[in-house]
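Take a look at the structure set out below.
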Ligand SMILES: [Cu+2]
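Numbering (the numbering used here), first residue to last: 24 to 142.
Now the structure itself:
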């Protein structure tokens, strides 16, 4: 009787270890297949995009937040992206999938400019 229990345990343990290893391996594969989302933020405040130039890796989602008490937009000079009019505390996000330099401005106040450098 005792022998049988020991025998079961000796089978169950390697199976358990194998399951744990398998779970660890599959979760790391999933992490590789879907790289964790990269995010960056630009804050609009007092008629300024801050930081004015932001440098991010390819695949980054940049979120503009209007922290000003007047509406602003974030519109790509080259037509790559275009926010709606952002009221106070409203946000706009765009994911940059290609390397390059992306100048943008506020269509309501064209002197407000910024740049996203994707590398
Ligand atoms: Cu503006």
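Heads up, the beta-carbon is just placed ideally off N, CA and C, and yes, glycines get one too.
Keep in mind that this is a model prediction, so the values were computed, not measured.
message = Could you compute how far the alpha carbon of residue 77 sits from the alpha carbon of residue 92?
response = 23 Å
ask   = Using the rule of at least 16 other Cβ atoms within 10 Å of the residue's Cβ for burial, across every protein chain shown, is residue 135 buried or exposed?
value = buried
key: Other residues of its chain near residue 138: CB distance less than 8 Å, five sequence neighbours each side excluded   = 75, 76, 77, 124, 125, 126 and 127
message = Any residue with its Cβ nearer than 6 Å to a heavy atom of ligand 3 should be included. What is that list in chain order?
response = For ligand 3, the structure offers nothing, since it holds only ligand 1.
ask   = By DSSP, does residue 99 sit in helix, in strand, or in coil?
value = strand
message = Just to confirm before moving on: does the CB-CB distance between residue 131 and residue 94 stay below 8 Å?
response = yes
query = Which value, in whole angstroms, describes the spacing of the CA atoms of residue 53 and residue 120?
reply = Summary for residue 53: the model assigns pLDDT 46, below 50, so the residue's position carries little reliability, and this model does not support an answer.
message = Restricting to Cα atoms, I'd like to know which of 85, 100 and 142 is closest to residue 115.
response = 85
request  = Please work out which residues of its chain come closer than 6 Å, Cβ to Cβ, to residue 2, disregarding the five sequence neighbours upstream and downstream, and give them in chain order.
outcome  = Since the displayed the chain opens at 24 and closes at 142, residue 2 lies outside it and no answer follows.
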